[in-house]
Amino acid sequence: MNTQLILNYLSDLSENNNREWYHEHKAENKAANTEFEALIGALILRIGEFDSSVLHNEPKSLTFKLVRDTRFSHDKSPYNPAFRAHISSQGKLPVPVGYYLMIKPGGRSFLGGGLFADMFKEATAMVRNYIVQNGSELERIIQEPEFRKYFAVQGSALKNVPAGYDKSHPQSEYLKFKSWYLEYPLKDEELHDAEAFLAKAAGLFRIMKPFNDYLNRALTGFQMPAGR
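Following numbering that gives the first Met the number 0, the numbering of the sequence shown begins with 0 at its first residue and continues without gaps.
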């Protein structure tokens, strides 16, 4: 797995973010994609050592396209110079939650987990309702020393506890959230050695697994809206 080839291609695309360059360098794109899929395949096996639910996935089915939707954006760059993948029991859909990797040179790469989907109001309500009933369990997970060493729960949040929820609930701060996710930033240097990266990523994903499991219990029965 040549992670340097991945970084080099994405760096070049970032500097030449136009359709002409992209189509002139299809061979480099294919080579970088091949390396990224190999990396994801190896990562699936590492994650599978503590979460066998992901082992059936094919790497190609977990990745996202480089093409950006620029219709409502001031930035008209046609491509997002990042390779991304979401590894879960049901593939790359945001629910159930799983393990996320984004490689984007310039110190913008990260490992992620949890629920990123602000647009799914039903999912947000399901998690809030679960926290109401199981708040102490969430607290135990996020207060584990190893968890706190690497992660803090993030997500867009309301200023106040939403209507219908107890403002004095012990986990009221988390009831304000619309998404609940984790991010661990990666320096480019941490991606140079593929084997060292895989070991680190698998170790961090293992630590975040109880948090993911908690959210997935909360999201039991959630159905993705049609067209997603």
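Every residue gets a Cβ at the ideal spot worked out from N, C-alpha and C, and that includes glycine.
Asked                                                                                                                                                                               : Found
So, with DSSP's three-state summary, where would you put Glu182?                                                                                                                    : strand
Just the Cα atoms here: how many angstroms apart are Tyr246 and Lys186?                                                                                                             : The chain is shown from 0 up to 227; residue 246 falls before or after that span and cannot be answered.
Less than 8 Å between the CB atoms is what I'm expecting for Asn215 and Pro58, so what's the real figure, rounded?                                                                  : Not confirmed; about 22 Å, so no contact.
Taking the continuous beta strand (DSSP E) assigned at His85, which residues delimit it?                                                                                            : Phe82 to Ile86
In its own chain, which residues sit with a C-beta less than 7 Å from the C-beta of Ser178, not counting the 5 before and 5 after it?                                               : Leu114, Phe115, Ala116, Asp117, Gly154 and Ser155
Between the beta-carbon of Leu61 and the beta-carbon of Gly90, is there less than 8 Å?                                                                                              : yes
Take Pro224 and list the residues in its own chain whose beta-carbon comes closer than 8 Å to its own, dropping the five residues that flank it on each side.                       : Phe119
By the 10 Å Cβ neighbour count, where 16 or more other Cβ atoms means buried, how is Ala200 classified, buried or exposed?                                                          : buried
Counting along the chain, where does the beta strand (DSSP E) carrying Tyr98 start and finish?                                                                                      : Tyr98 to Ile102
Using 10 angstroms around the beta-carbon of Tyr149, count the other beta-carbons present and answer buried if the total reaches 16, otherwise exposed.                             : exposed
Can you give the beta carbon distance from Gln197 to Val152, rounded, assuming they're within the 8 Å contact cut?                                                                  : Contrary to the premise, residue 197 reads as Leu rather than Gln in this sequence. Not really, about 25 Å apart at Cβ, beyond 8 Å.
Do Gln170 and Ile206 have their CB atoms nearer than 8 Å?                                                                                                                           : no
Following the continuous alpha helix (DSSP H) through Leu4, name the residue where it begins and the one where it ends.                                                             : Thr2 to Glu14
Report the start-end ranges of each alpha helix (DSSP H) in the segment 16 to 82 that is 4 residues or longer and not cut off at the edges.                                         : 18 to 23 and 25 to 47
Can you give me the start and stop residues for the beta strand (DSSP E) that Phe109 sits inside?                                                                                   : Ser108 to Leu114
Does DSSP put Gln132 in a helix, a strand or coil?                                                                                                                                  : helix
Using alpha carbons as the reference points, say which of Ile43, Arg147, Phe35 and Gly111 lies closest to Asn211.                                                                   : Gly111
Using a Cβ-Cβ cutoff of less than 7 Å, which residues in the same chain neighbour Ala122 once the five nearest sequence positions on both sides are dropped?                        : Val94, Leu114, Ala116, Leu218 and Phe221
Might you give, ordered along the chain, the residues of its own chain that have their beta carbon closer than 7 Å to the beta carbon of Lys75, omitting 5 neighbours on each side? : Thr69
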